[in-house]
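Reading through the structure tokens given below for one structure.
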Amino acid sequence: MYAQSVLTALIAWPAIAAVVVLAAPERWAKHIALAASLLEFAISVPLWWVFQPAGGMQLQLDVPWIPSWGIHYTVGVDGISLFMVLLTTFLVPLSILGSYNYITTRERAFYALMLVLTSGMIGVFVSLDLFLFYVMWDVMLIPMYFIIGVWGGQNRLYAALKFFVYTFFGSLLMLVAILTLVYLVAQRTGVYSFSYVHLMSNIGALGTVAFWLFGAFFLAFAIKVPMFPFHTWLPDAHVEAPTAGSVLLAAVLLKMGTYGFLRFALPFFPQVALHPAVQAAIVTLSLIGIVYGGLVAMAQPDFKKLIAYSSVAHLGFVMLGIWALTLQSVQGALMVMINHGISTGALFFLVGMLYERRHSRLIEAFGGIAKVVPLFAAVLTIVSLSSIGLPATNGFVGEFLVLLGAFRTYPIAAGVATTGVIVAAMYLLPALQRVIYNPLDKPENAQLADLSPRELAVLLPLVACIVWIGVYPTPFLRRMEPSAQRFIESVRPAAPAAAAR
Amino acid sequence: MPASALQLLWLVPALPLVGFLLNGALALWRPTAKAAVSTIGVGVLVLAFAAAAAAVAEFAGLHQAAPLVFRYWAWMPAGDLRLDFALQFDQLAAVMALVVTGVGALIHLFSVGYMHADAGYARYFAYLNLFVFFMLMLVLGASFPVMFVGWEGVGLCSYLLIGFWFNEQINADAGKKAFIVNRIGDFGFLIAMFLIFRATGSLDFGPVFGRAQAVFPPAGTTITAVTLFLFLGCTGKSAQIPLYTWLPDAMQGPTPVSALIHAATMVTAGVYLVARCNVLFALSPLGSAAVAGVGALTALFAATIALKQWDIKRVLAYSTISQLGYMFLGVGTGAYAAGIFHLVTHAFFKALLFLGSGSVIHAMHRAYHATHSHDDAQDMRNMGGLRRYLPWTATLMWIATLAIAGIPPLSGFFSKDAILGAAFALATAEPIWYVYWGMGVAAALLTAFYMTRLMLYTFHGATRTGEQERPHLHEAPWVMTGPLVVLGLLSLIGGLLDLPELMGGGAFLQHWLEPVTGLAARMRPAVELSPVVEWAVLSSAVGVAALGIVGAVRLLQPEALLPARLAPPETGLGRLLWKKWYVDELYDTIIVRPIQWLAREVLWKTIDARIVDGLIVNGSATASRALGWLGSRLQTGEVGFYVVLFVVGVLLVVGGAVR
Amino acid sequence: MLLGPALFVSAALFTLGVFGVLLRRNAIVIFMCVELMLNAVNLTFVALAQRLGVAGQLFVFFVMAVAAAEAAVGLAIILAIYRHRGTVNLQNINLLKG
Amino acid sequence: MNVDLSTLDLSRPGDLLIALAPELVLTTTALLVLIVVAWRHRTPQDLRLAGWVTLAGLGAAGLAAWFLWWQAAHAPGIAAMIAVDDFRFVADWLFLGTAGLTVLVSFEYLEREALLVPEYFALLLFATLGMMLMAGAQDLMVLFLGLELMSVAVYVLAGINRRSAAAAEAALKYFLLGAFASGFLLYGIALVYGATATTNLTLIGVQVATLGLQHNTMLLIGLGLLLVGFGFKVAAVPFHMWAPDVYDGSPTPVTGYMATAVKAAAFAALFRVLGEAFDAVPAWHAVVWWLAVATMVVGNLIALAQRTLKRMLAYSSIAHAGYLLVAVAVGTAVGSAAFLFYLVAYTLMTLAAFALLAAKGTDGERDVSIDDLAGLAQRRPWLAFALAVCMLSLLGIPGTAGFIGKWYILVAATATGQGLLAAVLVLASVISAGYYLPVIMAMYMQPEPSEQAHAGMRLGRLGAAVVAASVAGLLFFGVRPNRLLDIARTSGASVRAAPAVSSDAPPAPREPTGR
Amino acid sequence: MSWTLIIFWAFAGLALVSALCCITRRNAVASALWLVVTLFSLAALFVLLDAQFIAVLQVLVYAGAIMVLFLFVIMLLNLGRQGPTDVKGPLGLGIAALLGGVLLFQLWILRHAAPPEAIQLPPGSMARLQQEQGLVGAIARPLFDTYLIPFEITSLLLLAALVGAVVLAKRKL
């Protein structure tokens, strides 16, 4: 019962709750939303144990939707999507709680949109039907668009439009590619179906058209990741979005891009993905992302923008890890996906809390506040260290595995990527210094309030995860290993993964 | 071994960690509970030392050749990577653990007095405990990644403690610099790990060292790369050329921190690493030569800078760099035991020197504070004749000075001689080591000179401290001088640890470390020097040291010195040395600023904002809009024009259909 | 045997109609040109009908009806615009544009 | 009733009457309305009366069409003048439904604008009749006459507001250019007739195949001119120039009607002509391909530059014509099925958008700029929601019928290897985000300029019902399009060239089949 | 060259010249009158092409009724007087000439075009048909048989036009 319905419940429940929120009185909206999202989390928690690591795609549910067009409502999880789902359900309650004071207008709409967004995000990760996947992919755009556009900062309209148009651009090309792919497979098998499993098992060799299809998928996912040079929507969206928006944007939405690569782009088109030129191009772009993202982050005066560019760098690690196709690097990439969600999410929360107090995100507006808000400073320090990958924090586990694995496939590239750890220190530590250290020379900072219990309740789970994953990531790694193995085999069936070395 | 001390090895790092957690909590919520903080902070260290000592005692009884590995939990199992969170205990780790906890405990104790008045007292102890925890992880870790946890962790604590008084920008800057420079070194460490994993398929010390000879062809490219990258890590952590520049700045931290982290323990991690990986280094002559060469060069180079520094702690900082160079010369030469020996004795006398200087600064600071003077409490030109006010400190520091200068029979004499002797011995096989030895000897001369200079200017001659301040100058409380005494004692007799066989000693340390370094030693050609030569080498070192001391006493005139604010600027070579060869400025000009410029002006403002976002992204949007606008201009509202377009369309369509 | 010439004349007349539409601005004259075009087509139909059967002629019949209907509505529209604008010159009738 | 309508013989008067039942019902209604109008044409009540009669007639005709569809009416053999197939019935529903919705919207609009012209409804009926004839035409002659019937009625409808100079100008422009285009269409018919000796669509197809006329010059010129004629009616670039001006100047309900039904009728006829008569002629594919590309790109680009909602919607409808042309260019049964589905979705969203615009623009909806909608969501949340759904559907966001429609067209395009066309379509759609989204932005993300900014907005009960029904339809078909997709598929498949003749036609790609 | 051909070309020439005059005369009345000439010439051509009944209709309906309506409106709007010319300037002329020229070039092929032999009726069959069924009968028979539906549509078309014209043109709204 649970196994059959849990994923559907995870998709449906927030949507239902959104309606409830809309119908409820304005002042209850946030509480209802919080309760709903906590329930959502509670629904998802047993997944941790119910999930069978070696069981492949599981907890599936398959209901015909538009059967005459081969469209089914098919959902399921494996070791790749499981964590994305859990990450989402984990972060949504925190985001809602974190928005309690930030959002002061049109609360009902905001929280309802947050819940709808949750549905969409879960949907993207569990869809095993390409039509369903595409629908979820685009559906989730709308709430985020509104969240940025309605509750965002000064330049929100521009940012929202840019976010939307950019993502839409990629996704539509992907739609064309999906349809072409489905058609080509239907030509071979006589079965017109959007089923992921069907497509995977019947895709065969596609010839040159595979390059075009891959290109379309690549564009859609690369924009979402975002990879250089498709990244410029990200800083704008991040800066303008309200805290919860930034958090979910960074923590979950970006992962959809890398998830897409893992689930679709590579397994569908291994011959393209393994083409030397494609490999070289993507690895190069990842490296540019890592180094360039870090260096540009270094120059940012706006803390949120800095984090946004740091996301470009972090996601570069993920891409490198995926493309290196070793067990370590792929598992590392998955870990970075999780870790980036936690650490960057926490960073956005922290910046948001600063913003609530001072209405500024500029780094130079602060300085020396560790003296005034030691608790805040402590959390910010921990989170920053996690973000720059200090060992024994979560950040290290992911990056280390990525680099370790990638080094086997692309030694030079991994070497270059490793400079990213230097760059990470070069952008985050100075910012940290300029915010919480240095002289406390702005009188308005002298009266800042330290973290409230509510804010602590938002941050402590994240800090706990930072330490947990840093010290004992094994439960995560164990659960994802078979799926990562399967992923690698689906791309490179000849090579018996990394173990042969 | 039921519930033996070794089984409880995890307690050794766990105790400081508990201390950190408790003190950290206190720092956040009860920062004024100083008694509790002191008890916890010092207590955990003492307990950890006790646990370590018990473990060592038990270990010594086992006569274990192979390291004992304790696996606690699987850390990063991914494919063929089976990485456990594991500690290992062997002879080398035992030495290091004792030094870390022992010296650490003393310095914690000293800090109780030194930091007593500080508002961040609890935070300070939290950081210090955390540091000890990470340092123990570093020395006890059973694999490269676990060691790396400690490796970066101590860097973090160093960062936090250098910038302890974070409201001064210079302190925060220094901390940041330390961290970033260390990260450059860590980059090397990481790459080395990747190389090792790629070659051996493991990152645990045991398998890696066990397979090393099988998978790495001796003197091959891979092993050379591994060792060089590892050594890059060492240059960062242990402040060697070219990454040494952070250490002098690190003196911005509280002085006990300098003593513990930036003299006795953390900065020696690099030496420990090389010693730990002795098998790898032994396989790569080039790597070893690089280690030794860089070590020797650093020893000499840093010593020159120390000659002209006025800040008492800076002198000691450069001295530390220089002494670390010695240690690298030692381990690079293959004299791992000698390197570790010098590490230990250096921990004693350098900690003593730093704590002594802390005592001086403490006194000076209090004096200036009492008179609200803003003079520099660390500038030697403001001191002079302090032996009258701080007799204990003066005496103990003299012991340390003689020790570092290599005057027999103090501890430094034995360890330094062991290194120089080994270098000279190897030179008979590989002549380049003559150069290294020469540099080592020259550095020894300079060391004796600048240390004597420090002592003279600080404790002797006229008192240049202002008249009003003088009544406030006096010795620190016992909680501070007590540890000094202990360290003084250790500096005096530390040589006993490894009395060379030449002098009829048992070379205890060397034999103790034999299980760790033996394999590497056997991979090198054994060079035996005749006792005569050995004596000659030994006496030349002593002679040089004596020359340095005498020269300093003769040449320097403390009486002629003016207080800092009256002193004329340096000129010529003196200025060059005083300005530290302008290396910081050089780095700033050729690395730091270009990168910042690149990041800000080129990457961000030009490529990102103008080209990618401006030209391509917004450009296409603007272009679309412009085209749309143009199109809507065409919509003139006049049927005449519409008809024209219509007919054009007709022609095109008909033409297209007929073709 | 008259088919070729008739088709040609028809094409020429049609082109003249188009030319007129392109050349003039007076709504009524343009409308007349359109009528000219329709008549050109009628010629084609008739010429073809000679070879292909009576359907072509029937078409002409229908075209006349269409022309009549269009004339009625078209002229009414032209009257309406004249009432508003006092002119039927299309150059001046460009309220709607952009 | 248990009758067998699957073997109608159109040469028998009785069967012919049955086959033409919807048209006859509508004709009767039109005459009835004229009679009613002749005697009551002064008050709003008279207007309403005529309107309800019209609605009743539309409903009856719809029922008739439904009955024929339900009984699977079919005329074996080559139909003479009028087709009896699902495509026609479904298209009829579409026209009748659009007309019905337009009538409902028009009630309030006409009263508000004091346009007490009950003949309006008669003309609407005539226009609808013309459309039905176009969609059902099996002979170019019927098609031409149907088109003229529709056009003549719509010319008048465009200028029905005699107080408005803009309306008069719109009517004039539409009329002049429309007549001009008719000339080309007619010439095209003449030449096709000349090449094949027939005007029957199926027979043209047969002649083309049997005589090998694929490269006959006269036929090709005729085909080109036919495309010009249709291109004008569907407002394909570069024959689109009339559309923005006419849509802009016409009364808003009429604009909605023009943008949906008129265009749909032209498309339906175009589909029939190309599918049945010119299936074997490859020449038109490239032409329509380019028309589609030009229409999509130009329509979307110019729409970006618009400030007023009405003109923006006008250009948007041009862009959508481009999408529909993609379905035409694809040219398979899937294409026509996609086309039918898209038409339904497009009609719903466009009509609703124009209805909302009509509600907003009490003092001249031509002047309603996008910025005027600022803060609408705060004041009139439901209206804003409805308009937002329309915009998202026009944009093609999943969850709305607009998406399924676009998806279907893309399916058709990709299934025939028209990947490039599909790519252009989606890129053009991306551009469209640049003008649909600002509407949403204005409503939801910008503050109200003043308290009274939206005070004048009135949407009566009937209008609200239309909007609500459309929005509900958009959302419903966006999530549960199954039945409609099936209908579209079977109907689309009914437009086929005569089966025996397509010997040297390119093999039709395999149809998607369910699993 | 047969007489038929000479007559044909004479009337064709007249039609073309008058058409040219129609489109170039500044005065709308003149244009209309020249158009009438064209229509008459076309009627003559219709006769030559065995379409006598259509020719009669051409004169009656087209030249007679429709053109009178045109002239009526022109007079009503008082467009007969000399006003500023509505002919486009040199640029317009150039463009029109260019486009017209290209169009004519494209249609030029039609001068040789003919229906495929296979579907052509034998020569003189149209004349034979008319002899058999009568001039009117030849047209009327199919009109009320095969082409009944279009014929009925025509009635609706005219009705719609009537209603439309009334709606647009009646004095009182």
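Protein chains in written order, with the working numbering: chain A, 1 to 501; chain B, 1001 to 1659; chain C, 2001 to 2098; chain D, 3001 to 3515; chain E, 4001 to 4173. In this text, a Cβ means the ideal position worked out from N, Cα and C, and glycines have one as well. Just so you know, these numbers come straight off a predicted model, no measurement behind them.
**Asked** On the three-state DSSP scale, how would you describe residue 267/A?
**Response** DSSP places residue 267/A in helix when its eight states are reduced to three.
**Asked** What's the gap between the Cα of residue 3082/D and the Cα of residue 3133/D?
**Response** Rounded to whole angstroms, the separation of the alpha carbons of residue 3133/D and residue 3082/D is 8 Å.
**Closer than 7 Å to chain C by CB, residue 954/B** = Here chain B has residues from 1001 to 1659 only, and residue 954/B is not among them.
**Item:** Collapsed DSSP secondary structure at residue 1511/B in the structure displayed
**Value:** DSSP places residue 1511/B in helix when its eight states are reduced to three.
**Request:** Compare the C-beta of residue 3142/D with all C-beta atoms of chain E and state if any pair is closer than 7 Å.
**Result:** Yes, residue 3142/D lies at the interface with chain E (some Cβ there is under 7 Å from its Cβ).
**Interface residues of the stretch 2021-2047 of chain C facing chain D [CB-CB below 8 Å]** = Here the close residues are 2021, 2027, 2030, 2031, 2034, 2037, 2038, 2040, 2041, 2044, 2045.
**Message:** Less than 7 Å between CB atoms is the rule here; does residue 3095/D satisfy it with respect to chain E?
**Reply:** Chain E contact via Cβ: absent.
**Prompt:** Relative to chain E, which residues along the stretch 3158-3184 of chain D have a C-beta separation below 7 Å, given in chain order?
**Reply:** Flagged, chain order: 3159, 3160, 3162.
**Message:** Between residue 1198/B and chain A, is any beta-carbon pair separated by less than 7 Å?
**Reply:** Using beta-carbon distances, residue 1198/B counts as an interface residue toward chain A, with a partner under 7 Å.
**Message:** Rounding to the nearest angstrom, what Cα-Cα distance links residue 470/A and residue 120/A in this structure?
**Reply:** So the two alpha carbons sit approximately 29 Å from each other.
**Asked** Can you round the beta-carbon distance between residue 85/A and residue 115/A to whole angstroms, since I take them to be within the 8 Å contact cut?
**Response** About 15 Å separates the CB atoms of residue 85/A and residue 115/A; that is not less than 8 Å, and the two are not in contact.
**Asked** For a contact meaning CB atoms closer than 9 Å, what does residue 2069/C contact in chain D?
**Response** For a Cβ distance threshold of 9 Å, residue set 3148, 3149, 3152 of chain D lies close to residue 2069/C, ordered along the chain.
**Asked** List, in order along the chain, the chain D residues whose C-beta lies closer than 8 Å to that of residue 4090/E?
**Response** Under the 8 Å cutoff, chain D gives no residues; its nearest Cβ is about 23 Å from residue 4090/E.
**Asked** Going along chain D, which residues have a C-beta under 7 Å from residue 4115/E?
**Response** By Cβ distance, chain D contributes 3194, 3195, 3197.
**Prompt:** Going by other Cβ atoms of all chains shown within 10 Å of its Cβ, with 16 needed for buried, is residue 155/A buried or exposed?
**Reply:** A residue is called buried once 16 or more other Cβ atoms fall within 10 Å of its Cβ, and residue 155/A, having fewer, is exposed.
**Request:** Would you mind stating whether residue 3350/D and residue 3255/D have Cβ atoms separated by less than 7 Å?
**Result:** Not closer than 7 Å, so no.
**Request:** Quick one: give me the first and last residue of the alpha helix (DSSP H) that residue 1048/B is part of.
**Result:** Annotation: the continuous alpha helix (DSSP H) that includes residue 1048/B extends over 1034-1062.
**Request:** Show which residues of chain B have a CB atom less than 9 Å away from the CB atom of residue 4104/E.
**Result:** Simply none; closest approach about 11 Å.
**Request:** At 8 Å on the CB atoms, spell out the chain A contacts of residue 1575/B, in chain order.
**Result:** Close partners of residue 1575/B in chain A (Cβ separation under 8 Å) are lacking, with about 30 Å as the shortest Cβ gap.
**Asked** Pick from 1458/B, 1467/B, 1529/B: whose alpha carbon is nearest that of residue 1429/B?
**Response** Among 1458/B, 1467/B, 1529/B, the Cα nearest to that of residue 1429/B belongs to 1529/B.
**Prompt:** Which of helix, strand or coil does DSSP assign to residue 200/A?
**Reply:** If DSSP states are grouped into helix, strand and coil, residue 200/A belongs with the helices.
**Asked** Whole alpha helix (DSSP H) runs in the stretch 407-465 of chain A with 4 or more residues, listed along the chain?
**Response** Listed in chain order, they are 411-436.
**Prompt:** What residues in the stretch 119-141 of chain A bring their beta carbon closer than 9 Å to a beta carbon of chain D?
**Reply:** For the stretch 119-141 of chain A, the residues whose beta carbon sits under 9 Å from a beta carbon of chain D are, in order, 131, 134, 135, 136, 137, 138, 139, 141.
**Request:** Alpha carbon to alpha carbon, how far is residue 434/A from residue 386/A? Give it in angstroms, no decimals.
**Result:** Rounded to whole angstroms, the gap between the alpha carbons of residue 386/A and residue 434/A is 18 Å.
**Message:** Could you compute how far the alpha carbon of residue 3477/D sits from the alpha carbon of residue 3099/D?
**Reply:** For residue 3477/D and residue 3099/D, the distance between alpha carbons rounds to 20 Å.
**Chain-order list of residues whose beta-carbon lies under 8 Å from that of residue 4096/E (same chain, five-residue window excluded)** = Closer than 8 Å at the Cβ level, and outside the excluded window around residue 4096/E, lie 4088.
**Item:** Rounded straight-line distance, which links the Cα of residue 312/A to that of residue 394/A
**Value:** Cα to Cα, residue 394/A sits roughly 18 Å from residue 312/A.
**Request:** Using three-state DSSP, classify residue 497/A as helix, strand or coil.
**Result:** Confidence at residue 497/A is low in this model, with a pLDDT of 41, below 50, so its placement is unreliable and no value can be given for it.
**Asked** Interface residues of chain A around residue 1071/B at Cβ under 7 Å?
**Response** By Cβ distance, chain A contributes nothing, its closest Cβ being about 12 Å from residue 1071/B, past 7 Å.
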